[in-house]
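To start, the structure under review is shown below, and the notes come after it.
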């Protein structure tokens, strides 16, 4: 696991990326700067990496970080999306889990607006 820092406006988060091929490729292109998009309780943003996923999942857990190949996006899941049902968190389409948030700040994540600057860099705790 490799630690990263995610900054969205005034919100600063710590996360860990797993050892998947996609997570390693993302680490190699850090730092990344992009604009946040929101979709329910998901924040996603385009990154300069277009990859096929090897371990697709249709359901994620709260605070999972995923890579969405359809949009070449980094995704932060922290609650239900518009297609979720019951207590399941469902992405728009298959994603690959590449890590998870260590800083679990639901209220801070809820305040993120479309278009806010988002930055990811390698980091520690």
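Numbering (our numbering), first residue to last: 183 to 307.
Each residue gets a CB set at the ideal place from its N, CA and C atoms; glycine is no exception.
Inter-residue CB distance, residue 198 and residue 284 (contact presumed, cutoff 8 Å): 6 Å
Cα-Cα separation between residue 201 and residue 271, rounded to whole angstroms: 23 Å
Through-space distance from residue 262 to residue 185, alpha-carbon basis: 25 Å
Whole-Å CB distance - residue 277 paired with residue 242, under 8 Å assumed: 7 Å
Buried/exposed call for residue 291, threshold 16 Cβ in 10 Å: buried
Residue burial classification, residue 188 (beta-carbon count within 10 angstroms, cutoff 16): buried
With 16 other Cβ atoms within 10 Å as the buried cut-off, status of residue 281: buried
Simplified DSSP assignment, three categories, for residue 209: helix
Spatial neighbours of residue 213 in its chain, beta-carbon cut-off 8 Å, leaving aside the 5 residues before and after: 301, 302, 303 and 304
Identity of the residue in 194, 246, 252 and 274 nearest residue 228 by Cα: 252
Buried or exposed by the 16-neighbour rule on C-beta atoms within 10 Å, applied to residue 165: With the chain covering only 183 through 307, there is no way to say anything about residue 165.
Proximal residues to residue 193 (C-beta, below 6 Å), its chain only, five neighbours per side dropped: 290
Local conformation of residue 281 per DSSP, three classes: strand
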